[in-house]
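Have a look at the structure below before the remarks.
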Amino acid sequence: MSEIEGGPATIRAAVLDRPGVPTQIEVLELDAPGPEELRVRMLASGVCHSDLHVRDGEWERAGPIVLGHEGAGIVEELGPDVGQQHPGLRPGGLVALAWLTPCGRCRACRAGTLWLCSASPSYTHRMPSGRAAIHRPDGSDVLTYSAIGTFAERQNVPAAAAIPLDPATPPEVAALIGCCVTTGVGAMTKTAEVKPGSSAVVIGLGGVGLSCVMGAALAGARTIVAVDRIDAKLELARSLGATDTILAGEDDAATLVAILDLTDGGPDVCAEAIGLPRTIELAIASLPTGGTAVLVGMTPFGLRASFEAFPFVDGGRRILGSNYGSAIPAVDFPRYAELHLAGRLPADRLVTNRIGLDGLEDAFAAMRRGEGVRSMIRFD
Ligand SMILES: NC(=O)c1ccc[n+]([C@@H]2O[C@H](COP(=O)([O-])OP(=O)(O)OC[C@H]3O[C@@H](n4cnc5c(N)ncnc54)[C@H](O)[C@@H]3O)[C@@H](O)[C@H]2O)c1
Ligand SMILES: [Zn+2]
Ligand SMILES: [Zn+2]
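Position in the sequence shown (first residue = 1) + 760 = the numbering used here.
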């Protein structure tokens, strides 16, 4: 690898040429960081189901693109003026990368709801200037997923996407804070505002759902019911704070009865962390009067879910969509890192498999089967 300080570099990265085909490891050229950019040497990147949605063509995305959006690394070099604009960022510092960089100017950003930003460079998969910072040897542009493309040894990212963390934070935990921890913990504590002493159900126990379990525990829920179709996930959920578990089979009506039994007629909050219409409908059907369904899982584009309207309205039930755990990354990332370091957010237990970049397609295959929780790509 070339490591010319201040100049372009050669990197290895997992590139999706177009939706629906396997990713390939390619050698690419990375430009020197421009204005509003910095260069990160990646330490760790988790494999999230959102990468798999893109890989499998369930969400249409232009390619070629370097996937990966749950990463952390070391700042190598700041673009021009970035040091003045972001005094917390310095070469050598540990950063977690946010997959939604607020533009700071749109209506949602002006209202302080940064997780709803509608003009983020993250949605263009390009740097804030509009350029792509990496290229194939023939000079053609390669995009970077959510403008961070963490399945790469090095990457230029928007300076505002790089959130400095306490250097004591383990890199794998820092990476997980970049997506699943922030998404799940925030869905329960910030979006749904789970109350101490209340009851919560989490359907789907991947990295996102298990983070919902940790969030419900942090919020002081008294009953936390964890639901998955894979037995091993239930044990892990118990170690993260679940008080009860349900092994879901094909019969959703039976799962519903089990949920109602364990929650005295339905949970105050039911989180869906898979992204299937049938489990979204199950979450809504489980609600008692006044209950809240918080939808965290992302379906393939174009799908619908339905519910019976009269009891929903009559019973004052609520459905909340939760994007990125209602996160303000600059505030919430360091907070989640501190909670981990204080022993209150054991996110490290989500890592069930450590791989190199070349293990990505196997990790996707395991995720399709529901095996393991987070596969973690290590770059060291
Ligand atoms: N809202 C957000 O901001 C946000 C952020 C990140 C990820 N996501 C989405 O969250 C979802 C979960 O992501 P993940 O990485 O945790 O995925 P994952 O594949 O690791 O986990 C999904 C879990 O659901 C279980 N499951 C599947 N079908 C089931 C069923 N019928 N009944 C019970 N359990 C079932 C699987 O066994 C697995 O444990 C994805 O759709 C992802 O795109 C949303
Ligand atoms: Zn993710
Ligand atoms: Zn915005």
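Cβ coordinates follow ideal geometry from the N, Cα and C atoms, glycine included.
Would you tell me roughly how many angstroms separate the C-alpha atoms of ARG1114 and PRO1071, rounded to the nearest one?
Straight-line measurement puts the Cα of PRO1071 at about 47 Å from the Cα of ARG1114.
Alpha carbon of LEU994 to alpha carbon of GLY1085, nearest angstrom:
Using only the alpha carbons, I get a separation of about 23 Å.
For ALA935 and ALA804, believed in contact at Cβ under 8 Å, the rounded distance:
4 Å
Proximity winner among ASP991, ARG989, ASP1118, ALA1002, relative to MET974 (alpha-carbon distances)
ALA1002
Does GLN845 pass the burial test, meaning 16 or more other C-beta atoms within 10 Å, or should it be called exposed?
With fewer than 16 other Cβ atoms within 10 Å, it is exposed.
Tell me where the alpha helix (DSSP H) around ARG886 begins and ends.
ARG886 -> no alpha helix (DSSP H), and no H or E assigned at all.
May I ask whether a heavy atom of ligand 3 can be found less than 6 Å away from the beta carbon of ALA977?
no
Backbone CA spacing between PRO1027 and ASP1122 [nearest angstrom]
37 Å
Going by the CB atoms, is the gap between PRO930 and PRO881 shorter than 7 Å?
no
Would you mind working out which of SER906, ASP1011, GLY848, VAL800 sits nearest ARG1038, comparing C-alpha positions?
The residue among SER906, ASP1011, GLY848, VAL800 with its C-alpha nearest the C-alpha of ARG1038 is ASP1011.
For GLN915, count neighbouring C-beta atoms within 10 Å of its own C-beta (all shown protein chains included) and say buried if the count is 16 or more, exposed if not.
Its Cβ being crowded by 16 or more others within 10 Å, GLN915 is buried.
Looking at C-alpha atoms only, which residue of VAL855, GLY1132, HIS895, ALA822 is the closest neighbour of PRO768?
HIS895
Buried or exposed for ASP1197, please, with buried defined as at least 16 other CB atoms from any protein chain shown within 10 angstroms of its CB.
Past the boundaries of the shown model lies residue 1197; the chain is included only from 761 to 1140, so the question cannot be answered.
Report whether the distance from the Cβ of CYS866 to the nearest heavy atom of ligand 2 is below 6 Å.
no
My understanding is that SER987 touches THR1015, with C-beta atoms under 8 Å, so please give their C-beta distance in whole angstroms.
A small correction: the amino acid at residue 987 is Val; Ser does not occupy that position in the sequence shown. That belief holds up - the Cβ atoms of VAL987 and THR1015 are roughly 7 Å apart, short of 8 Å.
Supposed close pair SER906, HIS829 - CB separation, criterion 8 Å:
4 Å
So which residues touch the region around ligand 2, with touch meaning a C-beta under 5 Å from any heavy atom?
CYS808, SER810, CYS939
Is any heavy atom in ligand 1 found nearer than 6 Å to the beta carbon of TYR883?
no
Inspect the beta-carbon positions of MET802 and GLY831 and report whether they are closer than 7 Å.
yes
Hey, could you find the ends of the alpha helix (DSSP H) ALA822 is sitting in?
Neither: ALA822 is in no alpha helix (DSSP H) and is coded neither H nor E.
Going by CA-CA distance only, name the one from ILE1044, SER971, SER959, SER958 that's closest to GLY938.
SER971
With distances taken between CB atoms, is the gap from ALA871 to ILE923 smaller than 7 Å?
no
Just curious, the beta strand (DSSP E) that MET1136 is in, first and last residue?
1134 to 1138
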